[in-house]
Structure formats: structure tokens, C-alpha cells
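Remarks on the structure that follows.
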Amino acid sequence: MMMASRGGATKLASSMMLLSRSFSAAAARGMFVKEAVPARVTAFHGDAVRGFLVRGSEFCCRHGSTASFSEKDQQQNAQLVSEGGDKEEKQEIVSYWGVPPRKVTKEDGTEWKWKSFSPWETYSADLSINLTKHHSPVTFLDRMAYWTVKSLRRPVDLFFQKRYGCRAMMLETVAAVPGMVGGMLLHCRSLRKFEHSGGWIKALIEEAENERMHLMTFMEVAQPRWYERALVFTVQGVFFNAYFLGYLISPKFAHRVVGYLEEEAIHSYTEFLAEVDGGNIENVPAPAIAIDYWRLPPESTLRDVVVAVRADEAHHRDVNHFASDIHFQGRELKEAPAPVGYH
Ligand SMILES: [Fe+2]
Ligand SMILES: [Fe+2]
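The sequence shown begins at 4 in our numbering and counts up by one.
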């Protein structure tokens, strides 16, 4: 990760003006030429900002070609940025917005290398959580949720067999969906009904983010094959829409399903640990991203990571069964303060 220097900032500002001017001129004439101006690059932090700027890059490339940049100008305006932590990729990003780069450091003063999360989002997993807690199905909907999840387990077991690293990675692509869908629907409801959410929007989106970080972690120890990527693509399309509809029709059922899915996740990670302990899966050093995210000691191993992830799943289990219980009691989520930051 490189920070823009003061000199670079001056050049950036001047080039921003050029680009901005050229865009205005192009837009006014309705002329968009396809040749792309080589993109300038600057350093920014955070996925949201970077994603935005990458889009900005495409935009500029399309529209900025009417500018009369010289080769020298273009080269002067280029700075390099590293992407995605220790996976160094060079990508050029154009910005005429002038969003200033922000230097993020760790507590020890060293540079923070992760773009997908910040130091203030890290935590120590609460490993004392009860892993064996189970919500016994009581109502018809409970039983339906329970057997829905149980029936999904069989094909998953057959597909992955004992490939627990791959299994974890693939299932996290699904696990990160419900929180985002639930949070989004509660967000829309809050807007629609002019009402507070009780913090549940944040709590559910936090869960989705946490699940996504599980995925980012397992990506470091397992690489998806092409057909697994295709499977994720398909499953996400089906599951997102099914959960969306399910949550609209019955949030209590939707949360109960997730509660049971999390119970299964705990079970799967326990089996994963048994394989590691039995020597069938090599207990490799923990990925650096995991050490920073869960604030693990530097000498941590894959086993420590799985233990932390499993504790997270137990927290998700509690949050979702709790949310479902609120609905079952005829109450609304906003009536019970959400367990924000519950790890
Ligand atoms: Fe997870
Ligand atoms: Fe989970």
C-alpha cells in the first residue's frame, strides 16, 4: 500500500482538473470516444471507496478520451497502489474526486494492510460460548425449519465428503447472505414505516460481514475449482431469492432456519477440528488475515482459526434463534435491543 506523496497530490489535483474539464466538455458535446486514457492510480483505503473509484476509472476511461493528455502528463499522474493485503496486485485507478488517502496503522504503528476490514472491526472471539446449545423445535414452523436444514445437510455431506476446508469456504458464501438480506429488508421497512429498527439492521449486517470475513479467511487455505465457483454462482442466485421471499413472508421462520443452519455449522467445524487433531488435515499456520481479524497470537494455527470461527457461528445461532423467538412471541425485533457487536 503506497500513500500518495505531497508532490503526487499536487499532480493529482492538476490532473483531476484536466479530467474534470475534459469530462464536462465531452458530456456537453455528447461525444464519447472509445480510446481509453491510461488510468492514474492513487492509494485509498476501504473496499467501498476503492470499488467506487474502480468504477470511476472505467467511467473516466470511457469519457476522458476527449482530453488532450500528453503521454508525459499521463505518466506523471500515475501512482501505484497495492490491492488486497499481502496479495500484491497493481491496479490503476483514476480519480478526479480528490478523495484523500487515509493512512491506517496497527496499534504498534505498522501499516495496516487489509482493505476489507479496519483495525476497529477486529475482536477476540468469545470462546467461552456454549457450543452445544440447541433450540428444540416446538411449533410446526420450528419443525419445518429444522427439517429443512437437516434435509440440506445430506447433499452437502455427499458433495464435500471430508474436504472440510473447501466445504467451509463454499458454505460461507451462503452463510453471508441471510444477514445481508434480513438487514436490507429491515432497512427498507424502517424507511417505509418511518420507524426505528432497534439496532437490528446493524446487527444483521454485522453478521453478514463477519461471515464474509470467514470466507476471506478460508480462501487463504482452499482455492475453489471452476465448477465450485459455478456452483456458488447458482446457489447464490437461488438462495438469495428464496431467503428474500422467505423473510418477507415469515421472518420468524427465516431466522429459525438460520439458527438451525448455524447449529449445523458448529457441528461441521467440530468435525473439521477432529480432522485437524487426527492429522488428516495439516495444521498449517493461521493466515495473516485471520491473525489480524481475530487478534490471534502470531504463532496461531489453522486450528485456532477454526475454533474462533466456530465460536462466531455459535453467536450467530443465538442471535437468530433470539430474533425468531421475538417474532414467535408476537413482538417485533425493534422492541428488543439488538445484540450489536455480539461476538
Ligand atoms: Fe461462518
Ligand atoms: Fe454463521
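For each residue, glycine too, the CB sits at the ideal point set by N, CA and C.
For His217, the shortest separation between its Cβ and any heavy atom of ligand 1 lies below 7 Å. Under the DSSP definition of a beta bridge, Pro288 partners with Thr304.
Within the chosen limit of 7 Å, ligand 2 does not reach the beta carbon of His258 with any heavy atom. DSSP lists Glu114 as the beta-bridge partner residues of Thr108.
Minimum Cα-Cα distance from Val261 among the listed residues Leu144, Pro288, Glu124 and Ser131 corresponds to Leu144. Nearest Cα to Leu155 within the set Gln332, Glu266 and Leu305: Glu266. In this structure the segment 182–192 does not touch the segment 290–302; the number of beta carbon pairs closer than 8 Å is below three. Secondary structure at His258: helix, using DSSP grouped into helix, strand and coil.
Lys205 has its alpha-carbon roughly 25 Å from the corresponding atom of Lys116. If the five residues before and after Val322 are omitted, its C-beta is found closer than 7 Å to the C-beta atoms of Ala206, Glu210, Pro342 and Tyr345, all from its own chain and listed in chain order. Contact annotation, Glu223 with Met173: C-beta distance approximately 15 Å; criterion of less than 8 Å not satisfied. Val184 places its beta carbon less than 8 Å from that of Tyr246. By the Cβ rule, the segment 308–316 counts as touching the segment 268–276, because three or more pairs are nearer than 8 Å.
Of the residues Ile252, Leu234, Val235 and Ser131, the one whose Cα lies closest to the Cα of Leu188 is Ile252.
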